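J.: One gets the numbering used here by counting positions in the sequence shown from 1 and adding 100 to each.
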Amino acid sequence: MTVETQDRCILAVDIGTTTLRAHVYNSEAEVIGKSDQALELHCPKRGIVEIIPDVLWNQFITTIREAIQDSGIPANQIAAIGLSTQRATFTTWNKKTGEHYHNFISWNDTRCVHRTNEINRSWSAWGLQVGATLLYGLTCGSRRWETASTFKFSTQHVTMRLGWVIDNIPGVKQDISKNLVLYGAIETWLVWKLTKGKIHATDLSNFSATGLYDGFKKGLNNIHMTYLRLPTNILPEIKDTNGDYGTVDQDLFGAPIPIRAVVADQQAAMFGQCCFEEGDIKLTMGTGSFLVINTGSRLSVPYDGAYPLIGWQIGGETTYLMECNAADTGTVIEWGRKMGFYNDPSESTSVAESVENSGGVCFVPAFQGLQGPINDDGACASLLGVTSDTKPGHIVRSMLESLAFRVLQLYKLGLDKCRTFVKPTICVDGGVSRNDFLCSLISGLLECPVERPKNLQMSCLGAAFLAGLAVGMWKNRNELRDLKKIDRTFHSESLKRKYRVTYRAWEKAVERSLNWYSVK
Numbered sequence: 101m102t103v104e105t106q107d108r109c110i111l112a113v114d115i116g117t118t119t120l121r122a123h124v125y126n127s128e129a130e131v132i133g134k135s136d137q138a139l140e141l142h143c144p145k146r147g148i149v150e151i152i153p154d155v156l157w158n159q160f161i162t163t164i165r166e167a168i169q170d171s172g173i174p175a176n177q178i179a180a181i182g183l184s185t186q187r188a189t190f191t192t193w194n195k196k197t198g199e200h201y202h203n204f205i206s207w208n209d210t211r212c213v214h215r216t217n218e219i220n221r222s223w224s225a226w227g228l229q230v231g232a233t234l235l236y237g238l239t240c241g242s243r244r245w246e247t248a249s250t251f252k253f254s255t256q257h258v259t260m261r262l263g264w265v266i267d268n269i270p271g272v273k274q275d276i277s278k279n280l281v282l283y284g285a286i287e288t289w290l291v292w293k294l295t296k297g298k299i300h301a302t303d304l305s306n307f308s309a310t311g312l313y314d315g316f317k318k319g320l321n322n323i324h325m326t327y328l329r330l331p332t333n334i335l336p337e338i339k340d341t342n343g344d345y346g347t348v349d350q351d352l353f354g355a356p357i358p359i360r361a362v363v364a365d366q367q368a369a370m371f372g373q374c375c376f377e378e379g380d381i382k383l384t385m386g387t388g389s390f391l392v393i394n395t396g397s398r399l400s401v402p403y404d405g406a407y408p409l410i411g412w413q414i415g416g417e418t419t420y421l422m423e424c425n426a427a428d429t430g431t432v433i434e435w436g437r438k439m440g441f442y443n444d445p446s447e448s449t450s451v452a453e454s455v456e457n458s459g460g461v462c463f464v465p466a467f468q469g470l471q472g473p474i475n476d477d478g479a480c481a482s483l484l485g486v487t488s489d490t491k492p493g494h495i496v497r498s499m500l501e502s503l504a505f506r507v508l509q510l511y512k513l514g515l516d517k518c519r520t521f522v523k524p525t526i527c528v529d530g531g532v533s534r535n536d537f538l539c540s541l542i543s544g545l546l547e548c549p550v551e552r553p554k555n556l557q558m559s560c561l562g563a564a565f566l567a568g569l570a571v572g573m574w575k576n577r578n579e580l581r582d583l584k585k586i587d588r589t590f591h592s593e594s595l596k597r598k599y600r601v602t603y604r605a606w607e608k609a610v611e612r613s614l615n616w617y618s619v620k
């Protein structure tokens, strides 16, 4: 810690899929002030998931002010701000007026699923894959062309939704031709607002998750941009993860606070867990489950729902990750509360343990389809095997088992595709990781220790670590490791044999849930 940062603090803000939180950290990485709010979503019909920009801005400013007030320190004692945000949730706005053309379109919005499927099935897309396959052979196994030979567009990619915006939102296409439009995911828009329009930028951890970036070429994916006819004049500048993102206008919080880190939420959680080395693995269980493996300096090839990402870029040095995700985790826990199986999510463990097994009940966690390795946007959530003897405990236990089964699938997928040695301990975080039954079950199914930290909000901590490194609050990553505090490590005996029959029954239930909405 330098003299300049002595007795100063770091403010970190995390905008997740369902929660917006702000934490103020001291030099020991202890939270001395905090505030959080449920993120207000606008979901007028199935498949549409939006955030109203003005509502987000008001929530963002209010949460920060409350956190600073809770800390008891003045704003001028904050050395820097770090921002962690959900990825690929974007809007477009007019650079002169600041007015947005539409609401933020969330990463899990599926309004363009038919457009995406049509493009993936088109002859032109097939031609691109064939061309890439030929280049793969001619280049003696180039991983770039190997990736392109199997690539399929996804609704989670900005490319699909941005194309929809340009074609369907009035005024966007015309104003793009006049060079009046700016594109930005949440982090870019917030930085632009905080600096009063002086900075229009993002970092590689966020931009690499949009489908607009070619990690092998380390630049814009010109093939996708040209094929989908997407403009480049609307895109933000790309900076280092803990770079200079300008200064917050002092009118907002009473002091000009430097913005020194912008990072995507899952990558922030990885950094907060101190998973800095190749082979480190973490599992965030929040709204969804995100299993992430550090692949070091190697960019992996995407396959079956395992996606390569840039973890962070610091001083021009890039760390790569492999991510597998399942969209429904916390949503399942919340659904159980709404159905009256328990009054509070913390009670789900005791309810599940009130029975010896799930009694033949199988739950499929697919409110938003099933991601890798199944990859079916049309899958439906379902509850099978219910009898007249079924108790709430059987249903809740089957729900938690289903979440563990999805993690097992993600783990197998990640190990198979990351092509690197994976360390034997999994670091977990996120609100759902408070569930002891689930953590113990995951440890038994994966046959490895599961390590849970005392601070479960790792995205906030990761953003704070990155900003703190940038301003000298902490000197290096070894110093950050010393600050990590472990709550509990789960060492369960192998449960693969015990759950073999249950897992096979669950796989059968999954098969019956596939393609439900496409059939309808």
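Ideal Cβ positions, reconstructed from N, Cα and C, are used throughout, including at glycine.
Keep in mind the model is a prediction, meaning the values are calculated, not measured.
The beta strand (DSSP E) spanning Q137 covers which residue range?
T.: Looking at the DSSP string, the run of the beta strand (DSSP E) that includes Q137 is V131 to A138.
J.: Pop quiz: V113 and S184 are said to be a contact at Cβ under 8 Å. What is the actual Cβ separation, rounded to whole angstroms?
T.: That belief holds up - the Cβ atoms of V113 and S184 are roughly 7 Å apart, short of 8 Å.
J.: Quick one, which of C560, A452, S305 and S400 has its alpha-carbon nearest S288's?
T.: For the sequence presented, residue 288 should be read as Thr rather than Ser. For the residues C560, A452, S305 and S400, the minimum Cα distance to T288 belongs to S305.
J.: Q413 by DSSP, collapsed to three states: which one?
T.: Residue state, collapsed to three classes: strand.
J.: Can you confirm whether the segment 461-475 touches the segment 403-413 when touching is taken to mean that 3 or more C-beta pairs between the two stretches lie within less than 8 Å?
T.: Segments in contact, yes.
J.: H123 to G388, Cα distance in whole Å?
T.: Rounded to whole angstroms, H123 to G388 spans 22 Å at the Cα level.
J.: Judging by CA-CA distance, which residue of A301, C527, L546 and H200 is the nearest neighbour of I381?
T.: Minimum Cα distance to I381 is reached at C527.
J.: Quick one: give me the first and last residue of the alpha helix (DSSP H) that K608 is part of.
T.: Segment R600 to S613, the alpha helix (DSSP H) holding K608.
J.: Where does Y201 sit, in a helix, a strand or coil, going by DSSP?
T.: Y201: coil per DSSP, three-state reduction.
J.: Check whether the Cβ atoms of W412 and V363 sit closer than 8 Å, and answer yes or no.
T.: In this structure, V363 lies closer than 8 Å to W412 by Cβ.
J.: Should V571 and R398 be called a contact, given that it needs their Cβ atoms to be closer than 8 Å?
T.: Not closer than 8 Å, so no.
J.: Would a C-beta distance cut-off of 8 Å place A188 and A301 closer than the cut-off?
T.: Against a cut-off of 8 Å, the Cβ pair of A301 and A188 comes out as no contact.
J.: Report the start-end ranges of each beta strand (DSSP E) in the segment 129-192 that is 3 residues or longer and not cut off at the edges.
T.: Taking only runs of at least 3 residues, the beta strand (DSSP E) segments lying wholly in the segment 129-192 are 131-138 and 178-185.
J.: If you draw a straight line from the alpha carbon of I433 to that of L556, how long is it in whole angstroms?
T.: Those two C-alpha atoms are separated by around 17 Å.
J.: Determine, using beta carbons only, whether Y603 and F463 come nearer to each other than 8 Å.
T.: No, these two residues do not count as a Cβ contact at 8 Å.
J.: What first and last residue would you give for the alpha helix (DSSP H) that runs through I433?
T.: I433 -> alpha helix (DSSP H) spans G430 to K438.
J.: Going by CA-CA distance only, name the one from R497, V392 and E447 that's closest to L510.
T.: It is V392 whose Cα lies nearest to the Cα of L510.
J.: Under 7 Å Cβ to Cβ from A179, same chain only, skipping five residues before and after it: list those, please.
T.: Same-chain partners within the cutoff: T105, R108, C109, I110, V571 and M573.
J.: When the Cα of Q354 is compared with those of G343, L335 and L294, which residue comes out closest?
T.: Residue identity differs from the one stated: residue 354 is Gly in this sequence, not Gln. The shortest Cα separation from G354 among G343, L335 and L294 belongs to L294.
J.: Per DSSP, which one or two residues make a beta bridge with P553?
T.: DSSP output for P553 lists I586 as bridge partner(s).
J.: For a test of your reading of the model: does the CB of H200 fall under 7 Å from any non-hydrogen atom of the ligand FAD? Yes or no.
T.: Questions concerning the ligand FAD fall outside what the structure shown contains, since it holds no ligand whatsoever.
J.: Quick one: using the 10 Å Cβ neighbour count with 16 as the cut-off for buried, is N394 buried or exposed?
T.: With 16 or more other Cβ atoms within 10 Å, it is buried.
J.: Can you list, in chain order, the residues of its chain with a C-beta nearer than 8 Å to that of V131? Leave out the 5 residues immediately preceding and following it.
T.: H123, V124, Y125 and N555, listed in sequence order.
J.: Under DSSP, the alpha helix (DSSP H) around S277 begins and ends at which residues?
T.: Run containing S277: V272 to S277, per the alpha helix (DSSP H) assignment.
J.: Can we say the segment 609-616 touches the segment 474-489, given the rule of at least three CB pairs closer than 8 Å?
T.: In short, these stretches touch, since the Cβ pair count reaches three.
J.: Rounded to whole angstroms, what is the Cα-Cα separation between S458 and K512?
T.: Going from the Cα of S458 to the Cα of K512 covers about 24 Å.
J.: Give the DSSP-derived three-state secondary structure of A504 in the structure shown.
T.: If DSSP states are grouped into helix, strand and coil, A504 belongs with the helices.
J.: Let's test the definition: count the other Cβ atoms within 10 Å of the Cβ of F590 and tell me whether it reaches 16, buried, or not, exposed.
T.: So F590 counts as buried.
J.: Taking the straight line between their C-alpha atoms, what separation do you get for G430 and E140?
T.: If you take the alpha carbons of G430 and E140, they lie about 16 Å apart.
J.: Which stretch, first to last residue, makes up the alpha helix (DSSP H) that contains K293?
T.: It spans I286 to L294 - the alpha helix (DSSP H) in which K293 sits, taken as one unbroken run.
J.: M385 lies in the beta strand (DSSP E); which residues open and close that run?
T.: I381 to M385 is the span of the beta strand (DSSP E), which, as asked, contains M385.
J.: Taking only runs that begin and end inside the segment 503-582, name each unbroken beta strand (DSSP E) of 3 or more residues, in chain order.
T.: Qualifying beta strand (DSSP E) stretches, in chain order: 526-529 and 550-553.
J.: Whole angstroms is fine: what's the gap from S533's alpha carbon to F390's?
T.: Rounded to the nearest angstrom, the two C-alpha atoms are 12 Å apart.
J.: Quick check: the Cα distance between L500 and V348, rounded to an integer number of angstroms?
T.: C-alpha separation (whole angstroms): 43 Å.
J.: Once you ignore the five residues that flank G514 on each side, which residues in its own chain have a CB closer than 7 Å to its CB?
T.: L391, I393, A406, M422 and C424.
J.: Beta-carbon within less than 6 Å of Q350's beta-carbon, same chain only, minus the 5 sequence neighbours each way: which residues are those?
T.: Result list for Q350: P356, in chain order.
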